[in-house]
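Right, one structure below, let's go through it.
Numbering (the working numbering), first residue to last: 103 to 230.
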């Protein structure tokens, strides 16, 4: 479950780009993940055609999207577990069940490129 609030600042001059100001903490029976202050992410990856239903930010899935982006960026876990945590985080934040399910299925179907295309970041070197 998410233990802290999402405290971010918008990066001026860059569309859909935020930076964490405080750590975001996830704890479950299986995992403990800390998104450090200073992590830069781009919100939920939603195709433009669907942004009326699933905005990139400002929804109940903001914390889950930040956590998921961090997990993909660092590759600390395999992709399937990253996506499961994303789904668990959305449910924890009381996201509408059908929306959480659609978003989860979307990352399962289309997330491989985002997960595998980038060089993994060293989480210990992220600083504010």
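Virtual Cβ for every residue (Gly too), placed ideally from N, Cα, C.
Specify, as a first and last residue, the run of the alpha helix (DSSP H) that residue 131 falls within.
Where residue 131 is concerned, there is no enclosing alpha helix (DSSP H), given that its DSSP letter is neither H nor E.
Helix, strand or coil for residue 206 per DSSP?
It is helical.
If I measure Cβ to Cβ from residue 215 and keep anything under 7 Å in the same chain, skipping five residues before and after, which residues do I get?
Counting only Cβ-Cβ distances below 7 Å, and skipping sequence neighbours, we find nothing.
Report the rounded CA-to-CA distance for residue 186 versus residue 122, giving the unit in angstroms.
Taking the straight line from one Cα to the other gives about 22 Å.
Mapping the DSSP letters down to three states, classify residue 110 as helix, strand or coil.
Residue 110 falls in the strand class under three-state DSSP.
Considering residue 176, what are the terminal residues of the alpha helix (DSSP H) in which it resides?
Where residue 176 is concerned, the enclosing alpha helix (DSSP H) stretches over 164-176.
Where DSSP assigns a beta bridge to residue 198, which residues make up the other side?
None, per the DSSP bridge assignment.
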